[in-house]
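Engineer: Last residue of the sequence shown: 703 (this note's numbering), numbering continuous. Where a beta carbon is used, it is the ideal one built from N, C-alpha and C, also for glycine. Nothing here was measured: the structure is a model prediction, and the numbers come from that model.
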Amino acid sequence: MAKQKEQLGEDVLDWVDYSFSENGVVAYKHGKLIHSQSFKDFLGGEAFYKELVNFILHYVADLDIPIKRGTFIEYRTGLLNASPIGRNCSQEERNEFAEYDEKHKVRAAMVNALKEKFGDEKLTYSIGGQISIDIFPKGWDKTYCLRHLKEHGDYKKIYFFGDKTEKGGNDHEIFEHPETEGKTVTSPMDTAKYINELWGPF
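1. CA-CA distance, Glu511 and Cys646?
2. Whose CA, out of Pro689, Ser520 and Gly546, lies closest to the CA of Lys530?
3. When the distance is taken between beta carbons, is His649 closer than 9 Å to Ala528?
4. Answer yes or no: do Phe661 and Lys694 have a C-beta to C-beta separation smaller than 9 Å?
5. Ignore the nearest five residues each way along the sequence and tell me which others in Ser522's own chain have a CB closer than 7 Å to its CB.
6. Classify Ser591: buried if its beta carbon has 16 or more other beta carbons within 10 angstroms, exposed otherwise.
7. Around the C-beta of Met611, are 16 or more other C-beta atoms found within 10 angstroms, so that it is buried, or is it exposed?
8. Where does Ile659 fall in DSSP's three states?
9. Using a Cβ-Cβ cut-off of 6 Å (strictly less than) and excluding sequence neighbours within five positions of Leu564, which residues of its own chain qualify?
10. Which class does Asp512 belong to by DSSP, given the choice of helix, strand or coil?
11. Is it a yes or a no for the region 633-645 touching the region 538-547, going by three-plus beta-carbon pairs under 8 Å?
12. Beta strand (DSSP E) containing Asn582: first to last residue?
13. Going by the CB atoms, is the gap between Leu558 and Leu624 shorter than 9 Å?
14. If you run the structure through DSSP and keep just helix, strand and coil, what is Asp672?
15. Comparing alpha-carbon positions, which option in Leu615, Asp621 and Lys643 lies nearest His678?
16. Could you check what DSSP says for Pro702 in three-state terms: helix, strand or coil?
17. Suppose the cutoff is 7 Å on Cβ atoms and the five residues either side in sequence are ignored; what does the same chain contact list for Arg608 look like?
18. Could you check whether Ile574 and Ala583 sit closer than 9 Å to each other, using their CB atoms as the reference points?
19. On a Cα-Cα basis, can you pick out the residue from Phe619, Asp691 and Asp672 that is closest to Phe549?
20. Hey, which unbroken runs of the beta strand (DSSP E) at 3 residues or more fall wholly within the region 562-644?
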(Lines of atoms letter the chains of each structure in order from A; the text may use other names.)
(Lines give C-alpha, C1' and ligand atoms only; values in the text may rest on other atoms or scores of the structure.)
Protein backbone atom coordinates (compact mmCIF):
# COMPACT_ATOMS: atom_id res chain seq x y z
CA MET A 502 0.00 0.00 0.00
CA ALA A 503 2.90 2.33 0.74
CA LYS A 504 4.14 1.83 -2.83
CA GLN A 505 0.66 2.40 -4.29
CA LYS A 506 0.43 5.69 -2.40
CA GLU A 507 3.92 6.65 -3.52
CA GLN A 508 3.11 5.91 -7.18
CA LEU A 509 -0.56 6.93 -7.38
CA GLY A 510 -1.07 9.41 -4.55
CA GLU A 511 -1.97 9.35 -0.87
CA ASP A 512 -5.68 9.38 -1.70
CA VAL A 513 -5.60 6.26 -3.92
CA LEU A 514 -8.13 4.43 -1.70
CA ASP A 515 -10.62 7.29 -2.14
CA TRP A 516 -10.91 7.00 -5.91
CA VAL A 517 -11.03 3.23 -6.50
CA ASP A 518 -13.61 0.66 -5.37
CA TYR A 519 -10.92 -1.97 -4.81
CA SER A 520 -7.22 -1.79 -4.14
CA PHE A 521 -5.09 -4.92 -4.25
CA SER A 522 -1.61 -4.66 -2.78
CA GLU A 523 0.81 -7.51 -3.41
CA ASN A 524 -1.51 -9.37 -5.79
CA GLY A 525 -4.46 -9.01 -3.42
CA VAL A 526 -2.81 -10.64 -0.42
CA VAL A 527 -3.62 -7.28 1.14
CA ALA A 528 -7.00 -6.09 -0.18
CA TYR A 529 -9.18 -3.02 0.38
CA LYS A 530 -12.77 -2.35 -0.63
CA HIS A 531 -14.10 1.23 -0.44
CA GLY A 532 -11.04 2.15 1.65
CA LYS A 533 -11.51 -0.61 4.25
CA LEU A 534 -9.17 -3.58 4.70
CA ILE A 535 -11.03 -6.79 3.77
CA HIS A 536 -8.14 -9.30 3.63
CA SER A 537 -4.53 -9.72 4.76
CA GLN A 538 -2.28 -12.79 4.65
CA SER A 539 1.40 -13.17 5.60
CA PHE A 540 3.93 -14.76 3.23
CA LYS A 541 6.29 -15.69 6.05
CA ASP A 542 3.65 -17.28 8.30
CA PHE A 543 2.05 -19.18 5.40
CA LEU A 544 5.38 -20.82 4.55
CA GLY A 545 6.07 -21.96 8.11
CA GLY A 546 7.60 -19.02 9.92
CA GLU A 547 11.01 -17.52 10.43
CA ALA A 548 13.20 -20.62 9.88
CA PHE A 549 12.27 -21.17 6.23
CA TYR A 550 12.19 -17.44 5.53
CA LYS A 551 15.71 -17.04 6.94
CA GLU A 552 17.02 -19.93 4.83
CA LEU A 553 15.56 -18.30 1.70
CA VAL A 554 17.01 -14.87 2.55
CA ASN A 555 20.46 -16.30 3.32
CA PHE A 556 20.54 -18.17 0.02
CA ILE A 557 19.59 -15.03 -1.97
CA LEU A 558 22.16 -12.86 -0.20
CA HIS A 559 24.94 -15.42 -0.84
CA TYR A 560 23.86 -15.74 -4.47
CA VAL A 561 23.85 -11.97 -5.06
CA ALA A 562 27.20 -11.57 -3.28
CA ASP A 563 28.79 -14.00 -5.76
CA LEU A 564 27.20 -12.39 -8.84
CA ASP A 565 29.58 -10.60 -11.20
CA ILE A 566 27.47 -7.83 -12.73
CA PRO A 567 28.53 -4.28 -13.74
CA ILE A 568 27.10 -2.50 -10.68
CA LYS A 569 25.39 -3.25 -7.37
CA ARG A 570 23.69 -0.72 -5.15
CA GLY A 571 21.69 -1.76 -2.10
CA THR A 572 18.45 -3.26 -0.79
CA PHE A 573 18.84 -6.59 -2.54
CA ILE A 574 15.87 -8.06 -0.65
CA GLU A 575 12.63 -6.33 0.23
CA TYR A 576 10.22 -8.13 2.52
CA ARG A 577 6.56 -7.48 1.83
CA THR A 578 3.45 -8.96 3.40
CA GLY A 579 2.67 -11.29 0.51
CA LEU A 580 6.04 -11.85 -1.13
CA LEU A 581 9.79 -11.44 -1.12
CA ASN A 582 11.26 -9.14 -3.76
CA ALA A 583 14.87 -9.92 -4.70
CA SER A 584 16.99 -7.67 -6.91
CA PRO A 585 20.49 -8.57 -8.21
CA ILE A 586 21.41 -4.89 -8.73
CA GLY A 587 19.58 -3.66 -5.60
CA ARG A 588 16.47 -1.50 -5.36
CA ASN A 589 18.53 1.60 -4.45
CA CYS A 590 19.72 2.04 -8.03
CA SER A 591 18.86 5.20 -9.98
CA GLN A 592 16.41 5.15 -12.89
CA GLU A 593 19.32 5.36 -15.33
CA GLU A 594 21.04 2.39 -13.62
CA ARG A 595 17.72 0.53 -13.62
CA ASN A 596 17.39 1.03 -17.40
CA GLU A 597 21.00 -0.08 -17.96
CA PHE A 598 20.48 -3.22 -15.87
CA ALA A 599 17.28 -4.06 -17.76
CA GLU A 600 19.26 -3.97 -21.03
CA TYR A 601 22.09 -6.00 -19.50
CA ASP A 602 19.62 -8.55 -18.10
CA GLU A 603 17.87 -8.87 -21.46
CA LYS A 604 21.20 -9.94 -22.95
CA HIS A 605 22.76 -11.93 -20.09
CA LYS A 606 19.60 -13.37 -18.43
CA VAL A 607 20.85 -12.64 -14.90
CA ARG A 608 17.39 -12.91 -13.32
CA ALA A 609 16.48 -16.04 -15.29
CA ALA A 610 19.65 -17.73 -13.99
CA MET A 611 18.79 -16.61 -10.46
CA VAL A 612 15.30 -18.12 -10.79
CA ASN A 613 16.85 -21.41 -11.94
CA ALA A 614 19.18 -21.42 -8.93
CA LEU A 615 16.24 -20.77 -6.58
CA LYS A 616 14.22 -23.59 -8.16
CA GLU A 617 17.15 -25.95 -7.84
CA LYS A 618 17.57 -25.11 -4.15
CA PHE A 619 13.93 -24.78 -3.03
CA GLY A 620 11.95 -26.49 -5.80
CA ASP A 621 8.78 -25.06 -7.29
CA GLU A 622 6.15 -27.10 -5.47
CA LYS A 623 5.59 -24.47 -2.76
CA LEU A 624 7.00 -21.32 -4.35
CA THR A 625 6.57 -19.30 -7.53
CA TYR A 626 9.45 -17.21 -8.88
CA SER A 627 8.32 -14.42 -11.14
CA ILE A 628 10.45 -11.96 -13.13
CA GLY A 629 8.77 -8.56 -13.03
CA GLY A 630 9.62 -4.96 -13.77
CA GLN A 631 13.18 -4.07 -14.75
CA ILE A 632 15.35 -5.22 -11.87
CA SER A 633 13.79 -7.85 -9.64
CA ILE A 634 12.18 -11.22 -8.99
CA ASP A 635 9.06 -11.78 -6.88
CA ILE A 636 9.02 -14.94 -4.75
CA PHE A 637 5.69 -16.02 -3.27
CA PRO A 638 3.65 -19.12 -2.37
CA LYS A 639 2.15 -21.13 -5.24
CA GLY A 640 -1.17 -19.58 -6.24
CA TRP A 641 -0.29 -16.16 -4.80
CA ASP A 642 0.29 -14.67 -8.25
CA LYS A 643 -1.88 -11.81 -9.58
CA THR A 644 -4.89 -14.15 -9.92
CA TYR A 645 -5.12 -14.09 -6.09
CA CYS A 646 -7.07 -10.82 -6.25
CA LEU A 647 -9.84 -12.38 -8.35
CA ARG A 648 -11.20 -14.24 -5.30
CA HIS A 649 -12.09 -10.89 -3.70
CA LEU A 650 -13.99 -9.76 -6.79
CA LYS A 651 -15.88 -13.06 -6.78
CA GLU A 652 -16.75 -12.74 -3.11
CA HIS A 653 -17.49 -9.00 -2.97
CA GLY A 654 -18.27 -7.90 -6.53
CA ASP A 655 -20.63 -8.63 -9.39
CA TYR A 656 -18.47 -7.86 -12.40
CA LYS A 657 -19.49 -9.27 -15.77
CA LYS A 658 -16.07 -8.78 -17.34
CA ILE A 659 -12.61 -8.06 -15.91
CA TYR A 660 -9.94 -6.49 -18.11
CA PHE A 661 -6.28 -6.84 -17.22
CA PHE A 662 -3.51 -4.67 -18.66
CA GLY A 663 0.10 -5.80 -18.16
CA ASP A 664 3.53 -5.64 -19.72
CA LYS A 665 5.08 -8.91 -18.47
CA THR A 666 2.45 -11.22 -19.94
CA GLU A 667 4.82 -13.83 -21.39
CA LYS A 668 5.36 -17.16 -19.58
CA GLY A 669 7.56 -16.49 -16.54
CA GLY A 670 6.50 -12.84 -16.39
CA ASN A 671 4.60 -11.63 -13.33
CA ASP A 672 1.50 -10.77 -15.39
CA HIS A 673 1.23 -14.11 -17.19
CA GLU A 674 -1.19 -16.02 -14.95
CA ILE A 675 -3.83 -13.30 -14.69
CA PHE A 676 -3.37 -12.38 -18.36
CA GLU A 677 -4.26 -15.97 -19.34
CA HIS A 678 -6.92 -16.53 -16.67
CA PRO A 679 -10.35 -17.55 -18.03
CA GLU A 680 -12.07 -14.87 -15.89
CA THR A 681 -10.11 -12.00 -17.45
CA GLU A 682 -9.61 -10.44 -20.84
CA GLY A 683 -5.90 -9.70 -21.01
CA LYS A 684 -4.17 -6.96 -22.97
CA THR A 685 -0.41 -6.70 -23.36
CA VAL A 686 0.74 -3.09 -23.04
CA THR A 687 4.11 -1.37 -23.21
CA SER A 688 3.51 1.93 -21.42
CA PRO A 689 0.87 4.00 -19.59
CA MET A 690 -0.01 5.67 -22.91
CA ASP A 691 -0.50 2.27 -24.52
CA THR A 692 -2.88 1.36 -21.68
CA ALA A 693 -4.74 4.66 -22.13
CA LYS A 694 -5.12 3.89 -25.85
CA TYR A 695 -6.86 0.57 -25.07
CA ILE A 696 -9.08 2.19 -22.43
CA ASN A 697 -10.11 4.89 -24.91
CA GLU A 698 -10.96 2.19 -27.47
CA LEU A 699 -13.06 0.27 -24.93
CA TRP A 700 -14.89 3.08 -23.10
CA GLY A 701 -14.10 6.33 -24.88
CA PRO A 702 -11.84 9.18 -23.70
CA PHE A 703 -11.31 9.56 -19.96
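Structural biologist: On the basis of the supplied data:
1. 21 Å
2. Ser520
3. yes
4. At the C-beta level, Phe661 and Lys694 stay beyond 9 Å of one another.
5. Here the set comprises Met502 and Gln505.
6. Exposure of Ser591 is indicated by the presence of fewer than 16 other C-beta atoms within 10 angstroms of its C-beta.
7. buried
8. In the three-state reduction of the DSSP assignment, Ile659 falls in the strand class, which pools E and B.
9. Pro585
10. coil
11. Yes: at least three Cβ pairs fall under 8 Å.
12. Leu581 to Ala583
13. no
14. Three-state DSSP puts Asp672 in coil, outside helix and strand.
15. Comparing Cα-Cα distances from His678 to each of Leu615, Asp621 and Lys643, the minimum goes to Lys643.
16. Taken through DSSP and simplified to helix, strand or coil, Pro702 comes out as coil.
17. Pro585, Asp602, Ile628 and Ile634
18. Closer than 9 Å, so yes.
19. Phe549 has its Cα closest to that of Phe619, out of Phe619, Asp691 and Asp672.
20. 574-576, 581-583, 624-629 and 633-638
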